[in-house]
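> Just so you know, numbering that gives the first Met the number 0 puts 38 at position 39 of the sequence shown, and the rest follows in order with no gaps. All residues carry an ideal CB built from backbone N, CA and C; glycine is no exception.
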Amino acid sequence: MYFARIYTTIEHFRNVEKREICDKIAGIFYLSRDEYVAQCPLLCKEDCWHAMATEWSDSKFQKKIMRQIEPITTAINLSLTKEDQTLLQQYAKNCLRN
Numbered sequence: 000m001y002f003a004r005i006y007t008t009i010e011h012f013r014n015v016e017k018r019e020i021c022d023k024i025a026g027i028f029y030l031s032r033d034e035y036v037a038q039c040p041l042l043c044k045e046d047c048w049h050a051m052a053t054e055w056s057d058s059k060f061q062k063k064i065m066r067q068i069e070p071i072t073t074a075i076n077l078s079l080t081k082e083d084q085t086l087l088q089q090y091a092k093n094c095l096r097n
């Protein structure tokens, strides 16, 4: 399900926002239920896709995911030097291509 959400977010940005984003950046974005539904892949039943879109757009789901990744991002940020943080910011900027 994780990859389906990421791919859907990338497709939304490509088709609607007219921007290319990488999967790392897509992972931090959450779309609305309607935005997820609009990107329904051909191989997925609509009922199934609507259920996943409802879960992904739920604030409880988003908070749960953020709680799970918070220790990881904190550990990464604590271990980075200022030079590393600058490089990471440049990498994130390069992932967002207009």
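Straight-line CA distance for A52 to E16?
Along the sequence shown, one-based indexing puts residue 52 at 53. Along the sequence shown, one-based indexing puts residue 16 at 17. If you take the alpha carbons of A52 and E16, they lie about 19 Å apart.
> Among L42, Q61, R18 and C21, whose alpha-carbon lies nearest the alpha-carbon of R32?
Here residue 32 refers to the residue found at position 33 of the sequence shown. With distances taken between Cα atoms, R32 lies closest to Q61.
> Should I24 be counted as a contact of the ligand ADP given a C-beta to heavy atom distance under 7 Å?
The ligand ADP is not among the ligands present in this structure, which contains no ligands whatsoever.
> Quick check: what's the CA-CA separation for K44 versus R66?
Counting from 1 along the sequence shown, the entry for residue 44 is found at position 45. Counting from 1 along the sequence shown, the entry for residue 66 is found at position 67. Cα-Cα distance, rounded: 30 Å.
> Decide if M0 is buried, meaning its Cβ has at least 16 other Cβ atoms within 10 Å, or exposed.
Position 1 of the sequence shown holds residue 0. Result: exposed.
> Taking K59 as the reference, which of Y29, C21 and T8 has the closest Cα?
To locate residue 59, count along the sequence shown from 1; it is residue 60. K59 has its Cα closest to that of Y29, out of Y29, C21 and T8.
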